[in-house]
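Report on one structure; see the data block that follows.
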Amino acid sequence: MTKKMVGQSAAVYGISVAAELVGLGQQTLRQYENKGLIEPERTAGGTRRYSDLDLVRLRRIAELLACGLNLAGIRMVLGLEAANLKLRRELKDARQLSAKGDE
DNA sequence: CTTCTAACA
DNA sequence: TGTTAGCA
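FYI, this note's numbering numbers position 72 of the first sequence as 92, with every residue one higher than the one before it.
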């Protein structure tokens, strides 16, 4: 591992740079957190630190928002999406286990 | 930087 | 309802 850290959320941005990168306002990002759409890390002082994954999440929020969903609906969609991924992982593991036992 | 409040489309 | 502006 040299240049591409396979790890996901290493980098951390302040709210102002995160807002600019995603093209949203700072107050809007705080609102998203208030509505439970996203939960960025916090420094000891209480400042938000947005990871690269958070930026992707923010763009997904903007996309769903453009589709006509409200913040409450987006929260549910993100939750269902996370649950879906979890189920996929469990299914994948279960498949590998049964394959081994079958051989 | 944080939170809160108020106003607008 | 979501976004923005101003204050503490």
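The beta-carbon is built from N, C-alpha and C at its ideal position, and this holds for glycine as well.
What is the DSSP secondary structure of glutamate 53, reduced to helix, strand or coil?
Counting from 1 along the first sequence, the entry for residue 53 is found at position 33. Reduced to three states, the DSSP call for glutamate 53 is helix.
Looking at leucine 78 and valine 42, is the spacing between their C-beta atoms short of 8 Å?
As a working note, residue 42 is residue 22 in the first sequence. As a working note, residue 78 is residue 58 in the first sequence. For valine 42 and leucine 78, yes; Cβs fall inside 8 Å.
Counterpart residues of arginine 69 in DSSP-defined beta bridges
In the first sequence, residue 69 corresponds to position 49, counting from 1. DSSP lists Glu61 as partners of arginine 69.
To the nearest angstrom, how far is the alpha carbon of asparagine 90 from that of serine 71?
Numbered from its first residue, the first sequence carries residue 90 at position 70. Numbered from its first residue, the first sequence carries residue 71 at position 51. Answer to the nearest angstrom: the Cα atoms are 24 Å apart.
How should aspartate 113 be labelled, buried or exposed, when 16 other C-beta atoms within 10 angstroms of its C-beta is the threshold for buried?
Looking up residue 113 in the first sequence gives position 93. With fewer than 16 Cβ atoms within 10 Å of its Cβ, aspartate 113 is classed as exposed.
Measure how close the beta-carbons of leucine 105 and isoleucine 94 come, nearest whole angstrom, since I'm counting them as under 8 Å.
Your numbering for residue 105 matches position 85 in the first sequence. Your numbering for residue 94 matches position 74 in the first sequence. That belief does not hold up - the Cβ atoms of leucine 105 and isoleucine 94 are roughly 17 Å apart, past 8 Å.
Figure out for me which residue from Ile35, Leu73, Leu111 has the closest Cα to the Cα of glutamine 51.
Along the first sequence, one-based indexing puts residue 51 at 31. Nearest to glutamine 51 by alpha-carbon distance, out of Ile35, Leu73, Leu111, is Ile35.
Suppose contacts are defined by Cβ-Cβ distances below 8 Å. Is glutamate 61 in contact with valine 32 by that definition?
What you label residue 61 is simply residue 41 of the first sequence in a count that begins at 1. What you label residue 32 is simply residue 12 of the first sequence in a count that begins at 1. Cβ distance < 8 Å, so glutamate 61 and valine 32 count as in contact.
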